[in-house]
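All residue numbers for the sequence shown refer to full-length UniProt numbering, where the first residue is 1 and numbers rise by one.
Using N, Cα and C, we set each Cβ at its ideal position, and we do this for glycine too.
A short write-up of the structure that comes next.
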Amino acid sequence: MVRLVMTAFIVEGLQRLAETRPEKTEAGGHGIGPEEAKQESTSASTPKPAIEESSLDRPVVGNPITHDQIVKLWKALKREGIAEYSLEGLLRGSHVYIPPPLPKPEPSNEYKALMARLRHEEEERSYQRMLKQPSRMEAFSQQFPNASAQASAFAEVNRPIRESDNGDDEVTFGDVQKQVMVILNFLLSVIGVAATIWIAARWWSVTARIFLTMGGALVVLVAEVAVYSGYIWRLTEAKTNRKEPKEVRKVMQTWVVGQDEKPEEDSTVLLDTN
C-alpha cells in the first residue's frame, strides 16, 4: 500500500465532506461513507496490510494518506454530488510520503560507562605524554634509528674525489654570470644596430626599413656568435697545448750531521800501585 502526502486540495476535500455529512463522520472514517465503512469492517477479519491506513481525523498538509483512502474520498465526494473534486485533482501535487528518521536511540548505561572509561584513559595517557615529553632529537632518533648511518653513507658516496672539486659552487656561479653577461652583450649589440639602421633609413618605405633592420640585426648577431665561438675555441686550444714546466731538481749543498763538533780528548787516569 502506497502512502502519499496530503495536499491542500485533499485537506479541503476532507473538510468539505465532513461539513456535508457530519453525522456519518465517526461511522465512515471522516465521512467516507457507509459502503466504505462496511468494506473496512469486512476487511478487519483479513490480515492487515503491511502499512496501516493513516488517521484522517485532523487532516494537515504533509500528513500521510494512502492511495486507497484518496480513492474512497473521491468516491464519497462524487456520491455527495461534489463534482469539482476529481481523482486527478486530488492526486495532483502529491508525492510518496517519506517518514521522518527515527530518533537516535538513547545509549545504554553500559555504553556510557565504557565511553567514560575510555575518555579517562585517553586523558591519562595525554597527561603522561605531556609530563614525559621527549626532545625532538630523541624522538627523531627513536623513529628513524638508521637515519644517521644512512646520512653518513650518502655523504661518503657523494664526497668529491679530489680536494680541488670542493667549492665548485663558486666556480659555477662565476661561469653562469659570465654567460649572462655575454648574452646581454649580444642583445645590446643587436638592438643598437637595429635601432641605428631603422633611424638611418627613415626616408625609405616601412617594408624596406623592416627588412633592412632585420637583415642588419641578423648579420650582427651572426658576427657576434662567430667571434665569441672563435674566442672560446682559442682558449680551449691554449689550455690543451699548454705544458706544465718540468721540475728540475739540483743538489745545492750537502753536509754531515755532527761534523763541526770537536771530539773530546781522552783523559789519562793514574793508578796508585803502592
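Sequence-distant residues of the same chain with beta carbon closer than 8 Å to residue i, five excluded per side
{"i": "Val11", "result": "Pro59, Val60, Val61"}
{"i": "residue 286", "result": "Only positions 1 to 274 of the chain appear in the structure, and residue 286 is not among them; the question remains open."}
{"i": "Gln15", "result": "Pro59"}
Alpha-carbon spacing of residue i relative to residue j, whole angstroms
{"i": "Arg234", "j": "Gly215", "result": "29 Å"}
{"i": "Tyr228", "j": "Gln179", "result": "11 Å"}
{"i": "Arg209", "j": "Gly230", "result": "32 Å"}
{"i": "Ala232", "j": "Trp204", "result": "Per the sequence shown, the amino acid found at residue 232 is Ile instead of Ala. If I take the Cα positions, the gap works out to 40 Å."}
{"i": "Phe9", "j": "Lys104", "result": "34 Å"}
{"i": "Ala153", "j": "Phe173", "result": "28 Å"}
{"i": "Pro245", "j": "Thr254", "result": "26 Å"}
{"i": "Leu118", "j": "Pro99", "result": "36 Å"}
{"i": "Met130", "j": "Val176", "result": "52 Å"}
{"i": "Phe186", "j": "Val251", "result": "56 Å"}
{"i": "Arg202", "j": "Leu188", "result": "21 Å"}
{"i": "residue 316", "j": "Ala116", "result": "Here the chain covers residues 1 to 274 and nothing more, so residue 316 does not appear."}
{"i": "Thr196", "j": "Asn241", "result": "42 Å"}
{"i": "Val225", "j": "Gly192", "result": "16 Å"}
{"i": "Glu40", "j": "Thr20", "result": "The predicted position of Glu40 is uncertain, since its pLDDT is 43 and thus under 50; no value can be drawn from it."}
{"i": "Thr236", "j": "Val206", "result": "45 Å"}
{"i": "Leu184", "j": "Arg249", "result": "50 Å"}
{"i": "Val96", "j": "Asp68", "result": "14 Å"}
{"i": "Pro101", "j": "Glu121", "result": "34 Å"}
{"i": "Gln128", "j": "Leu114", "result": "21 Å"}
{"i": "Arg125", "j": "Ala147", "result": "28 Å"}
{"i": "Ser55", "j": "Ser108", "result": "34 Å"}
{"i": "Glu247", "j": "Ala149", "result": "45 Å"}
{"i": "Lys112", "j": "Lys132", "result": "30 Å"}
{"i": "Glu110", "j": "Ala151", "result": "53 Å"}
Other residues of its chain near residue i: CB distance less than 7 Å, five sequence neighbours each side excluded
{"i": "Glu123", "result": "none"}
{"i": "Val222", "result": "none"}
Close beta carbons around residue i, own chain, < 6 Å, minus the five adjacent residues each side
{"i": "Ala194", "result": "Thr213, Ala217"}
{"i": "Glu156", "result": "none"}
{"i": "Leu87", "result": "Trp74"}
{"i": "Ala200", "result": "none"}
{"i": "Thr42", "result": "In this prediction, Thr42 has a pLDDT of 44, which is less than 50 and means its spatial position is unreliable; what the coordinates show is noted afterwards. Result list for Thr42: empty, nothing under 6 Å."}
{"i": "Val256", "result": "none"}
CB-CB length for residue i against residue j, believed under 8 Å
{"i": "Val220", "j": "Val190", "result": "5 Å"}
{"i": "Leu91", "j": "Gly13", "result": "Incorrect: roughly 11 Å between the Cβ atoms, too far for contact."}
Closest by C-alpha distance to residue i, when choosing among the options
{"i": "Trp198", "options": "Phe186, Phe211, Leu188", "result": "Phe211"}
{"i": "Tyr85", "options": "Tyr97, Val96, Ile70", "result": "Ile70"}
- Item | Completely contained alpha helix (DSSP H) runs for the segment 166 to 207, where each covers 4 or more residues | 168 to 200
- Query: For the segment 48 to 96, which segments carrying the beta strand (DSSP E) assignment without a break, of at least 3 residues, lie completely within its bounds, in sequence order?
  - Reply: 64 to 66
- Item | Length-filtered (4 minimum) alpha helix (DSSP H) runs lying within the segment 202 to 253 | 206 to 241
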